[in-house]
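K.L.:
Numbering (our numbering), first residue to last: 13 to 190. Note that the Cβ used here is the ideal one computed from N, Cα and C, for glycine as well. Since the model is a prediction, treat every value here as computed from it, not as a measurement. Next up is a structure, given as structure tokens.
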């Protein structure tokens with residue numbers, strides 16, 4: 013039994029018209045007629061009486077409505093479930109050093125939350141060694157650092173982002189004369 017046959021049946025039952033159901037579903041009237049006939053053949057009963065242009069639902073059709081609604085509703089819930097499961101959820105624990113936390117995450121996190129609105133972020137500050145240990149013990153999910161830590165089978169570099177370094181000195185400092 014196909015879902016579209018049930019959907020078409022329910023629409024005809026609701027509107028009590030093959031032509032209105034066809035218009036509502038974006039089908040031709042003949043397609044709606046064929047789908048209802050297929051469902052009737054599959055069930056072995058007439059669901060509608062057709063007298064001229066008048067359509068009335070039969071006793072079997074009336075009795076079948078709750079079953080059709082249940083199946084269509086269950087299918088919609090299944091689709092909704094799979095869509096929800098594809099959305100990322102949970103908490104992303106990010107370890108970083110203080111300078112990156114204060115300089116970069118104010119811009120990065122709002123963008124991340126636009127793309128992953130159901131994920132909470134937790135920032136953890138520490139030195140590179142501590143963060144590396146936390147990563148190895150699954151206390152953070154990823155770390156963002158300026159140090160090249162060396163990579164092995166237990167740590168994977170996801171991406172490298174060059175950072176602009178600005179050195180600031182007082183105009184009275186000897187470096188300012190250089």
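(1) Quick check on residue 157: does DSSP put it in helix, strand or coil?
(2) Which of the three DSSP states, helix, strand or coil, is assigned to residue 56?
(3) Kindly indicate which residue of 73, 88, 26 and 152 has the alpha-carbon position closest to the one of residue 56.
(4) Out of 148, 145, 47 and 99, state which residue places its alpha-carbon closest to the alpha-carbon of residue 128.
(5) Quick check: the Cα distance between residue 26 and residue 38, rounded to an integer number of angstroms?
(6) Less than 7 Å between the C-beta atoms of residue 45 and residue 30, yes or no?
(7) For residue 23, count neighbouring Cβ atoms within 10 angstroms of its own Cβ and tell me buried if that reaches 16, exposed if not.
(8) For residue 107, count neighbouring C-beta atoms within 10 Å of its own C-beta (all shown protein chains included) and say buried if the count is 16 or more, exposed if not.
(9) Which class does residue 85 belong to by DSSP, given the choice of helix, strand or coil?
(10) Tell me whether the segment 177-188 and the segment 134-141 touch, counting them as touching only if at least three CB pairs, one residue from each stretch, are closer than 8 Å.
(11) For residue 111, is the classification buried or exposed, using 16 other Cβ atoms within 10 angstroms of its Cβ as the cut-off for buried?
(12) Please give the ranges of any beta strand (DSSP E) in the segment 88-131, keeping only runs that are unbroken, at least 3 residues long and fully inside the region.
(13) Please report how far the alpha carbon of residue 85 lies from the alpha carbon of residue 176, in whole angstroms.
(14) Can you tell me whether residue 77 is helix, strand or coil according to DSSP?
(15) State the DSSP-derived secondary structure class of residue 66, mapped to helix, strand or coil.
P.N.:
Short version:
(1) coil
(2) coil
(3) 73
(4) 99
(5) 16 Å
(6) yes
(7) buried
(8) buried
(9) helix
(10) no
(11) exposed
(12) 102-108
(13) 55 Å
(14) helix
(15) strand
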